[in-house]
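Colleague: Protein chains in written order, with the numbering used here: chain U, 1 to 185; chain F, 1001 to 1185. In this text, a Cβ means the ideal position worked out from N, Cα and C, and glycines have one as well. Computed from a prediction, not measured in an experiment: that's the story for all the values here. First, the structure itself, so that you have it in front of you.
2 protein chains.
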Amino acid sequence: MRKNFGAESSVYPMPVFIVAAYDENGKPNCMNAAWGGIYEDKQIMVCLSHGHKTTKNIKESKAFTVSIADARHVVEADYVGVVSGNKEPDKMEKARLTTVESEFVNAPIINEFPMTIECKLLKFNEDGICIGEIVNISADESVLGEDGLIDPEKLQAITFDPVHNAYLKLGEKVGNAFSDGKTLK
Amino acid sequence: MRKNFGAESSVYPMPVFIVAAYDENGKPNCMNAAWGGIYEDKQIMVCLSHGHKTTKNIKESKAFTVSIADARHVVEADYVGVVSGNKEPDKMEKARLTTVESEFVNAPIINEFPMTIECKLLKFNEDGICIGEIVNISADESVLGEDGLIDPEKLQAITFDPVHNAYLKLGEKVGNAFSDGKTLK
């Protein structure tokens, strides 16, 4: 038997994207966004409400980064989703987050988060959704496997549970993709 | 030290959305999509290439469902992402998937997947991205907790690892959202 829950904005998994941009004085700010994902090839989308300081910053600076929140920084990730940069000018310091400028775009990389998607603003689309062109992905060496690639077990990315307002870690591997249907035969 | 990987369509987590719709004869089909997420309040987006049978079906039937792929059905979820309904008319049967019609929209619910987002097609937007209005979310009673809500530990949703072409399970809770920054003080 199935139970109906009505119309909700809930899927699994939902990301915990930490979206960061510079303001007009080059001061970094960031926020937590769960509504987003890959939009098209090498493009990312994030739904950002109009009133956010980060929204304004992206419109002006034409660039942003998306950090993948990780289990080591759940508290920091949650803090930047709850406290507004419009009200707390020292939001980054209060969140204990530090930044360096991306080599590729005019946006801050948050040092504490181990994986960052560096984006040029393509546009806010017809629905006001922020669309970025992914220019580079960078990751701290501490989360790379022996193959030199990002290792999800080391990355410890988190996901938002919209039903319980909680954060979950990504867990173990359960299968291979692109197995060409062979396993079904 | 950070390593640069260039422009890639990779984030963590990426969903494993099983997108299903009826064709012009009421025959269900489905496909696996990793590019998508919540778009706006009660709206979901999925990037579906033009050539997919499911894309054509959604354009005609004006509705679709998104099933959340789970660890019990990794093989089925992967199969429907590899094999095209344009080439395999019995794709659903081959995938061992059965359906019932949604009570709310003109689209099939796949019985085997425990959580389903039932959508009316809002539009294919200016970039050709499929946008659905979430009309209902339903879940099998077997994945509900004692509170009557979806329990992620029972749901066992999976996520796509684009770096290793693998599927990972969602893991344990690591924190609470909306803690109002209190934990930082």
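So which of U/Y12, U/N57, U/N25 and U/N29 has the shortest CA-CA distance to U/I18?
Modeller: Nearest C-alpha to U/I18: U/N29.
Colleague: So if DSSP puts U/N4 in a beta bridge, which residue, or which two residues, is it bridged to?
Modeller: Looking at the DSSP assignment, U/N4 forms a beta bridge with F/S1138.
Colleague: Could you spell out where the beta strand (DSSP E) holding F/G1171 opens and where it closes?
Modeller: A1166 to N1176 is the extent of the beta strand (DSSP E) around F/G1171.
Colleague: Cβ-heavy atom distance between F/R1072 and the ligand HEM below 6 Å?
Modeller: With respect to the ligand HEM, the structure offers nothing, as it holds no ligand at all.
Colleague: In the DSSP assignment, the alpha helix (DSSP H) including U/N29 goes from what residue to what residue?
Modeller: Where U/N29 is concerned, there is no enclosing alpha helix (DSSP H), although the beta strand (DSSP E) it sits in stretches over P28 to A33.
Colleague: Go to U/G148, then tell me how far its beta strand (DSSP E) extends in each direction, as first and last residue.
Modeller: Looking at the DSSP string, U/G148 is not in any beta strand (DSSP E), and its letter there is neither H nor E.
Colleague: So the beta strand (DSSP E) U/D78 belongs to, where does it begin and stop?
Modeller: Taken as a continuous stretch (DSSP letters only), U/D78 belongs to no beta strand (DSSP E), being part of the alpha helix (DSSP H) at V74 to V82.
Colleague: Of all Cβ atoms in chain U, is any one closer than 7 Å to the Cβ of F/D1078?
Modeller: Chain U contact via Cβ: present.
Colleague: Listing by chain order, which chain U residues have their CB less than 8 Å from the CB of F/L1168?
Modeller: Per Cβ cutoff of 8 Å: P152, L170, G171, E172, K173 and V174.
Colleague: Where does the unbroken alpha helix (DSSP H) through U/K120 begin, and where does it stop?
Modeller: Not the alpha helix (DSSP H): U/K120 falls in the beta strand (DSSP E), residues M115 to F124.
Colleague: Within 10 angstroms of the Cβ of U/K169, are there 16 or more other Cβ atoms? Answer buried if so, exposed if not.
Modeller: Answer is buried; the Cβ neighbour count reaches 16.
Colleague: Quickly, what does DSSP pair U/A157 with across the bridge? List them, please.
Modeller: Its beta-bridge partners are U/D70.
Colleague: Counting only Cβ-Cβ distances shorter than 8 Å, please list the residues of the region 57 to 81 of chain U near chain F, keeping chain order.
Modeller: Answer in chain order: V66, I68, A71, V74, V75, E76, D78, Y79 and G81.
Colleague: Of the choices U/D161, U/L122 and U/G26, whose alpha-carbon is the least far from that of U/V46?
Modeller: For U/V46, the nearest C-alpha among the options comes from U/L122.
Colleague: Leaving out five residues on either side along the sequence, give the residues of the same chain with a beta carbon under 6 Å from the beta carbon of F/I1068.
Modeller: So the list reads M1115 and A1157, once near-sequence residues are dropped.
Colleague: Can you grab the Cα-Cα spacing for the pair U/K53 / U/I109, in whole Å?
Modeller: When rounded, the distance between both Cα atoms is 17 Å.
Colleague: Quick one: is U/P152 buried, meaning 16 or more other Cβ sit within 10 Å of its Cβ, or exposed?
Modeller: By the neighbour-count rule (16 or more Cβ atoms within 10 Å), U/P152 is buried.
Colleague: I need the straight-line Cα distance from F/D1090 to F/K1056, nearest angstrom please.
Modeller: In a straight line, the C-alpha of F/D1090 is about 17 Å away from that of F/K1056.
Colleague: Determine the chain C residues that contact U/C47 at a beta-carbon separation under 8 Å, and present them in chain order.
Modeller: Within the model displayed, chain C is absent; protein chains U and F are what it includes.
Colleague: Taking only the alpha-carbon atoms, compute the straight-line gap between U/S9 and U/N165 and give it to the nearest angstrom.
Modeller: If you take the alpha carbons of U/S9 and U/N165, they lie about 13 Å apart.
Colleague: Taking the alpha-carbon of U/N86 as reference, which of U/S61, U/F64 and U/K27 has the nearest alpha-carbon?
Modeller: Per the Cα distances, U/K27.
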